[in-house]
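Colleague: Just so you know, the protein sequences line up as chains A and B, in that order.
The first sequence begins at 113 in the working numbering and counts up by one.
The second sequence begins at 3 in the working numbering and counts up by one.
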Amino acid sequence: MARKTIFIDFSKCIECRACEVACEREHNGKSFINVFEWQEMAAMALNCRHCETAPCVEVCPTNALYRDKDGAVILAPQRCIGCLMCGIVCPFGIPELDLINKVMGKCDLCAQRRAEGKEPACAATCPTDALIFGDFDEIQRKRREKFTERAIEVAKKAEKISLLGV
Amino acid sequence: MAEKLVPVVCPYCGVGCRFYIKTVDGYPVGIEYATDIPGISNENGKLCPKGNAAVEYLLAKDRLKKPLKAKEQGKFVEISWSEAIKEVAERLKAYAKDDPNQLMFFGSARTFNEPNYLIQKLARMLGTNNVDHCARLCHAPTVTGLKQVFGAGAMTNTYKDIEEANVIFIIGHNYAETHPVGFRYVLKAKERGAKVIVADPRFTRTAWHADIFLQHYPGSDVALINGLIHVIIKEKLYDPKFVRERCVGFDEVVKAVEKFTPEFVEKVTGVPAELIVEAARTFATAGKGVITWAMGLTQHTHGTENVKLLGTLAAICGYQGKEGAGCSPMRGQNNVQGACDMAALPNVFPGYQAVTSEEKRKFFEEFWGVELSGEVGLTTVEAAYAVDEGKVKAYYVMGENPVISEANANHVMHVLEKLEFMVVQDIVPTPTMEFADIVLPAAAMLENEGSLTNTERRVQWSFQAAKPPGEARPDWWIISEIGKAVGFDKDGSKGFIYNDAADVLREINACTPQYRGITPERLKANLAGIHWPCPSPDHPGTRVLYKERFLTPDGKAHLAAVPEYKGPVELPDEEYPFLLTTYRYVGMYHTLTMTARSDALNKRWPEPLAEIHPDDAAKLGIKTGDWIKIETRRGVYPIKVKVTRTIKKGVVGVPWHWAANVLTNDALDPVAKIPETKACACRVAKISEEEAKKLMEKLPSIVPRIEVVKG
Chain A
113 MARKTIFIDF SKCIECRACE VACEREHNGK SFINVFEWQE MAAMALNCRH
163 CETAPCVEVC PTNALYRDKD GAVILAPQRC IGCLMCGIVC PFGIPELDLI
213 NKVMGKCDLC AQRRAEGKEP ACAATCPTDA LIFGDFDEIQ RKRREKFTER
263 AIEVAKKAEK ISLLGV
Chain B
3 MAEKLVPVVC PYCGVGCRFY IKTVDGYPVG IEYATDIPGI SNENGKLCPK
53 GNAAVEYLLA KDRLKKPLKA KEQGKFVEIS WSEAIKEVAE RLKAYAKDDP
103 NQLMFFGSAR TFNEPNYLIQ KLARMLGTNN VDHCARLCHA PTVTGLKQVF
153 GAGAMTNTYK DIEEANVIFI IGHNYAETHP VGFRYVLKAK ERGAKVIVAD
203 PRFTRTAWHA DIFLQHYPGS DVALINGLIH VIIKEKLYDP KFVRERCVGF
253 DEVVKAVEKF TPEFVEKVTG VPAELIVEAA RTFATAGKGV ITWAMGLTQH
303 THGTENVKLL GTLAAICGYQ GKEGAGCSPM RGQNNVQGAC DMAALPNVFP
353 GYQAVTSEEK RKFFEEFWGV ELSGEVGLTT VEAAYAVDEG KVKAYYVMGE
403 NPVISEANAN HVMHVLEKLE FMVVQDIVPT PTMEFADIVL PAAAMLENEG
453 SLTNTERRVQ WSFQAAKPPG EARPDWWIIS EIGKAVGFDK DGSKGFIYND
503 AADVLREINA CTPQYRGITP ERLKANLAGI HWPCPSPDHP GTRVLYKERF
553 LTPDGKAHLA AVPEYKGPVE LPDEEYPFLL TTYRYVGMYH TLTMTARSDA
603 LNKRWPEPLA EIHPDDAAKL GIKTGDWIKI ETRRGVYPIK VKVTRTIKKG
653 VVGVPWHWAA NVLTNDALDP VAKIPETKAC ACRVAKISEE EAKKLMEKLP
703 SIVPRIEVVK G
């Protein structure tokens, strides 16, 4: 089964932080996606990657982290004991401790929205399509297609010029 | 529980995005993206952070709920609607009887077309053309400049054309930050292989995506654009057929740009000569090009000249009257274009029909059934000085906040204090309201319905999504009640009797040629809206203007020659060694009346930061996080520092949302009457936090507490 997640094209990010505000609205005032600026020249949004072999799921002693049917890594707060193991093993530092409830919190790929057949809020709102909700293979295929198209276009142009004898 | 999705237009910027408001029993609970409406300006329902937070300001705790009357400055008593309307109508009538030009009306680019039409109708029926709105402070030069070159002042193309262009020249405009959803089309063009040229004194988020970045000094635009035209003419890269057939005045342009060699322009603007040559070649040879600009270009004493030069640049390259090309001035608020079309302007009737034209005036005298003034009225800044002279005595301010938005704010506050009578009609307390005599609580845009015209001339209908709080009423209702109370209670177009906003739009259809076919029924059925001009109910609307001829009397583009380079009127000197410019934050909106009431936005953009180049900062001995005071000939402003290489050396950048206009210059462009908000001389000094706090008290408070006392 093709598994969908959010891919990030940082060459398109304009640091408008619409994703953060949208995530915050969907998750009761807490944003699980964060935009980082790099040397005032570029920016990148970072959220949970829902890794293929997710270290957080493997390390969780209480099985509070699990995969739902779409393949998203979900945290069940009632099973979480706030041991912070998932936060430590995550290479991106994604799971965060909720200081009031002393349980972890993380991106759930907007489970509620997916149940209604909608995209996660951050990808749905991103004005520049820097965030894409999709299947990895499909995204790769589209990119290959696009670059091939460009190459063909350039080749055609070159052909025209050589026919004119330039 | 009845859950509903109501299609609305975003209450923020000029892109005019659509989205749904989710309501439960008429109470707004959230939003949903409009992914299912084809052809809207925000493709796939995309929204920027402001749109995402749109519900929050509706639920602000300090919304105005009852009409208020001032006992003394800033202290109010609650009164009933009938008392408020009676008092306003009587005062207006008294001033009008004496001399109608003692009155000044402010329309609003943040509310629908209908109230804007009504407020100018009220002003004009009372006998004065003193009516204006905030477009004076943003795009007045665009209207006057483009009118002289092409015959009309609106965007000549649509977003679709930006997407289809091969080169996009962005000048004086931080597109990515001011209109993130509009910038989508620039990136889509870039993905297709288009080149992006950005000219800005700051290395902005827009510049991140530029192929060529021209970092010029604030206010040196005339030299820069003339330099580009110089190279294009010298290297014969212009479109000779288009110039020959559709333009006049080319020879003057050739003569005027002669001295603007890349070397000369490098000296004036600080942009390397080879970059100017490269930009000119890239722009002229692309085949299809779009120029887009905003306040960085217009808010200058030479704003009109800047715009005329851009029009000339587009015309000589043949980038007019075809798809994928054109001039795109980007409007700041969702209805700037509409408020201009509805003639919340001192010199025209609805549809840009000049008040000085005998024939047009005759038509409206007949239409409204009163005698009208043929004298051009006062603009916002002129009105402020007329108050000083005692000529204007009363302001009616609908949905505007001049204390924060106008240049030289200290002078504006002094003027408002001097007024005999001021009515403020708004949704939340604003610093302007502290000076009001009567406060009228309005329903917010999303609590009310009507039509809006976005920056690409697209007229859309926004539906009512929530109930207004307390006794707040729609803008059109308030003005029509005042109109009736003044005595204009005849039927039809001769009075102010309306049942709903659609009634008003029908009257607009009847007197505005561009809107003739844009009926309320059509708009409600077609959520994507219609681009004006739309001369009849079966016309599909117009995407690209000037396909056959321009709207000038002879049908040709009148190229503009600007042989003299003029910088800002106030240049750095020994006393004030820096050049100050202003800009905005993506998550904050204009005078903060709406965004400052959203937690999600306040958290991310909590305070202003002044941008200073590392070399300048080292000289002044300041580092990021220090407090400084910026001082100009007009005011003092305390602010924290951000040291950054993204700003040009010798320039200080300040976001203007937090009342930075106490600093800016109100010297006017002679044609468009726009103040030079974007460039003035300033000096900078390090101060302590205590001193900053002390200085802060003297600034107008962004979220004022209006005190309501017992009668």
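In this text, a Cβ means the ideal position worked out from N, Cα and C, and glycines have one as well.
Remember, it's a predicted structure, so these values are computed and weren't measured experimentally.
Just to make sure I have the definition right: I need the residues of chain A whose C-beta is within less than 7 Å of the C-beta of residue 189(B). Which are they?
Modeller: On the second sequence, residue 189(B) is found 187 positions in, with the first residue counted as 1. The answer, in chain order, is 124, 240.
Colleague: Sort 689(B), 441(B), 539(B) by Cα distance to residue 82(B) and report the nearest one.
Modeller: Mapped onto the second sequence, residue 82(B) falls at position 80. With distances taken between Cα atoms, residue 82(B) lies closest to 441(B).
Colleague: Which residues bound the beta strand (DSSP E) around residue 452(B)?
Modeller: Here residue 452(B) refers to the residue found at position 450 when the second sequence is read from its first residue. First-last of the beta strand (DSSP E) with residue 452(B): 452-455.
Colleague: I'd like to know if the stretch 469-477 of chain B and the stretch 442-451 of chain B are in contact, where contact means that at least 3 CB-CB pairs between them fall below 8 Å.
Modeller: Segments in contact, yes.
Colleague: Terminal residues of the continuous alpha helix (DSSP H) containing residue 36(B)?
Modeller: By 1-based counting over the second sequence, the position of residue 36(B) is 34. That residue, residue 36(B), is in no alpha helix (DSSP H); it is neither H nor E in DSSP.
Colleague: How should residue 464(B) be labelled, buried or exposed, when 16 other C-beta atoms within 10 angstroms of its C-beta is the threshold for buried?
Modeller: If you number the second sequence from 1, residue 464(B) lands on position 462. That one is buried.
Colleague: Report the residues of the stretch 125-159 of chain A with a CB closer than 8 Å to any CB of chain B, ordered along the chain.
Modeller: Those would be 126, 127, 128, 129, 130, 132, 133, 134, 136, 137, 141, 152, 153, 154, 155, in chain order.
Colleague: Can you name, in chain order, every residue of its own chain whose Cβ lies under 6 Å from the Cβ of residue 282(B), other than the five neighbours on each side?
Modeller: One-based indexing of the second sequence puts residue 282(B) at position 280. Closer than 6 Å at Cβ, skipping near neighbours: 230, 233, 234.
Colleague: Taking a Cβ distance cut-off of 9 Å, strictly less, list which residues of the stretch 38-56 of chain B are near chain A, in chain order.
Modeller: Within the stretch 38-56 of chain B, the residues whose Cβ lies closer than 9 Å to some Cβ of chain A are 44, 46, 47, 48, 49, 50, 51, 52, 53, 54, 55, listed in chain order.
Colleague: From which residue to which residue does the alpha helix (DSSP H) around residue 145(B) run?
Modeller: If you number the second sequence from 1, residue 145(B) lands on position 143. That run of the alpha helix (DSSP H) goes 142-152.
Colleague: Quick one: which unbroken alpha helix (DSSP H) runs of 4-plus residues sit fully inside the stretch 599-653 of chain B? Chain order, please.
Modeller: Runs found: 601-606, 616-622.
Colleague: Got a sec? Which residues, its chain only, sit under 7 Å from residue 7(B) by beta carbon, not counting five neighbours each side?
Modeller: Here residue 7(B) is taken as the residue at index 5 of the second sequence, counted from 1. Once the five neighbours on either side are set aside, the close Cβ partners of residue 7(B) are 22, 24, 34.
Colleague: Return no unless some Cβ of chain B is closer than 9 Å to the Cβ of residue 265(A).
Modeller: Position 153 of the first sequence, counted from the start, is the residue given in the question as residue 265(A). Taking Cβ atoms only, chain B reaches closer than 9 Å to residue 265(A), which makes this a yes.
Colleague: According to the neighbour-count rule (16 or more other Cβ atoms, all chains shown, within 10 Å of its Cβ), is residue 86(B) buried or exposed?
Modeller: For the purposes of this step, residue 86(B) is taken as the residue at position 84 of the second sequence. Residue 86(B) should be labelled buried.
Colleague: Would you tell me roughly how many angstroms separate the C-alpha atoms of residue 76(B) and residue 642(B), rounded to the nearest one?
Modeller: Along the second sequence, read from residue 1 onward, the residue named residue 76(B) stands at position 74. Along the second sequence, read from residue 1 onward, the residue named residue 642(B) stands at position 640. C-alpha separation (whole angstroms): 29 Å.
Colleague: For the candidate residues 551(B), 516(B), 548(B), whose alpha-carbon lies nearest to that of residue 1(B)?
Modeller: The first residue shown for chain B is 3 and the last is 713, placing residue 1(B) beyond what the model contains.
Colleague: Identify the contact partners of residue 35(B) in chain A, using a Cβ-Cβ distance below 7 Å as the criterion.
Modeller: By one-based count along the second sequence, residue 35(B) stands at place 33. Those within 7 Å of residue 35(B) in chain A are 236, 237.
Colleague: In terms of residues, what are the limits of the alpha helix (DSSP H) holding residue 131(A)?
Modeller: In the first sequence, counting from the first residue as 1, residue 131(A) sits at position 19. Run containing residue 131(A): 130-138, per the alpha helix (DSSP H) assignment.
Colleague: Using only alpha-carbon positions, find the residue among 217(B), 600(B), 176(B), 160(B) that is nearest to residue 127(A).
Modeller: Start at 1 with the first residue of the first sequence, and residue 127(A) comes out as number 15. Per the Cα distances, 176(B).
Colleague: Measure how close the beta-carbons of residue 221(B) and residue 17(B) come, nearest whole angstrom, since I'm counting them as under 8 Å.
Modeller: Looking up residue 221(B) in the second sequence gives position 219. Looking up residue 17(B) in the second sequence gives position 15. Actually they do not touch by this definition, with Cβ atoms about 27 Å apart.
Colleague: Less than 9 Å separating the beta-carbons of residue 453(B) and residue 529(B)?
Modeller: If you number the second sequence from 1, residue 453(B) lands on position 451. If you number the second sequence from 1, residue 529(B) lands on position 527. No; because the gap between Cβ atoms is not below 9 Å, this pair is not in contact.
Colleague: Going along the chain, which residues of its own chain have a beta-carbon closer than 7 Å to the beta-carbon of residue 127(B), five neighbours each way excluded?
Modeller: As a first step, residue 127(B) is located in the second sequence; it is residue number 125 there, counting from the start. Hits under 7 Å: 370, 372, 490.
Colleague: For residue 600(B) and residue 59(B), which I take to be in contact (beta-carbon distance under 8 Å), what is that distance rounded to the nearest angstrom?
Modeller: By one-based count along the second sequence, residue 600(B) stands at place 598. By one-based count along the second sequence, residue 59(B) stands at place 57. Their Cβ separation, rounded to whole angstroms, is 6 Å, which keeps residue 600(B) and residue 59(B) in contact under 8 Å.
Colleague: Classify residue 108(B): buried if its beta carbon has 16 or more other beta carbons within 10 angstroms, exposed otherwise.
Modeller: Indexing the second sequence from 1 puts residue 108(B) at position 106. By the 10 Å Cβ count, residue 108(B) comes out buried.
Colleague: Which bits of chain A does residue 294(B) rub up against, with CB to CB less than 7 Å?
Modeller: As a first step, residue 294(B) is located in the second sequence; it is residue number 292 there, counting from the start. Near residue 294(B) there are no residues of chain A at all, since even the closest Cβ is about 15 Å away, more than 7 Å.
Colleague: Helix, strand or coil for residue 223(B)? Go by DSSP, reduced to three states.
Modeller: Start at 1 with the first residue of the second sequence, and residue 223(B) comes out as number 221. Helix.
Colleague: Tell me the start and end of each unbroken beta strand (DSSP E) in the stretch 363-393 of chain B that is at least 3 residues and wholly inside, in chain order.
Modeller: For the stretch 363-393 of chain B, not a single whole beta strand (DSSP E) run of length 3 or above is found.
Colleague: Please decide whether residue 210(B) counts as near chain A, where near means a Cβ-Cβ distance under 9 Å.
Modeller: In the second sequence, counting from the first residue as 1, residue 210(B) sits at position 208. Yes, residue 210(B) counts as interfacial toward chain A.
Colleague: Please classify residue 320(B) as buried or exposed, where buried requires at least 16 neighbouring CB atoms within 10 angstroms.
Modeller: Counting from one through the second sequence, the residue named residue 320(B) turns up at place 318. Residue 320(B) is buried by the Cβ-count criterion.
Colleague: Between residue 394(B) and residue 122(B), which are expected to be in contact by the criterion C-beta below 8 Å, what is the C-beta distance as a whole number of angstroms?
Modeller: The sequence position of residue 394(B) within the second sequence is 392, counting from 1. The sequence position of residue 122(B) within the second sequence is 120, counting from 1. Their Cβ separation, rounded to whole angstroms, is 17 Å, which puts residue 394(B) and residue 122(B) out of contact at 8 Å.
Colleague: If you run the structure through DSSP and keep just helix, strand and coil, what is residue 111(B)?
Modeller: As a first step, residue 111(B) is located in the second sequence; it is residue number 109 there, counting from the start. Residue 111(B): coil per DSSP, three-state reduction.
Colleague: Decide if residue 29(B) is buried, meaning its Cβ has at least 16 other Cβ atoms within 10 Å, or exposed.
Modeller: Position 27 of the second sequence, counted from the start, is the residue given in the question as residue 29(B). Per the 10 Å Cβ criterion, exposed.
Colleague: Checking the sheet assignment: what are the DSSP bridge partners for residue 686(B)?
Modeller: What you label residue 686(B) is simply residue 684 of the second sequence in a count that begins at 1. Note: residue 686(B) sits in a beta bridge opposite 632(B).
Colleague: Starting from residue 525(B), trace the alpha helix (DSSP H) both ways and give me its first and last residue.
Modeller: Translated into positions along the second sequence, residue 525(B) becomes position 523. That run of the alpha helix (DSSP H) goes 522-527.
Colleague: Around the Cβ of residue 264(A), are there at least 16 other Cβ atoms within 10 angstroms (buried) or fewer (exposed)?
Modeller: Position 152 of the first sequence, counted from the start, is the residue given in the question as residue 264(A). So residue 264(A) ends up on the exposed side.
Colleague: So which residues on chain A does residue 13(B) lean against when the C-beta distance must stay under 8 Å?
Modeller: Along the second sequence, one-based indexing puts residue 13(B) at 11. Within chain A, no residue comes near residue 13(B); the closest Cβ sits about 15 Å away, beyond 8 Å.
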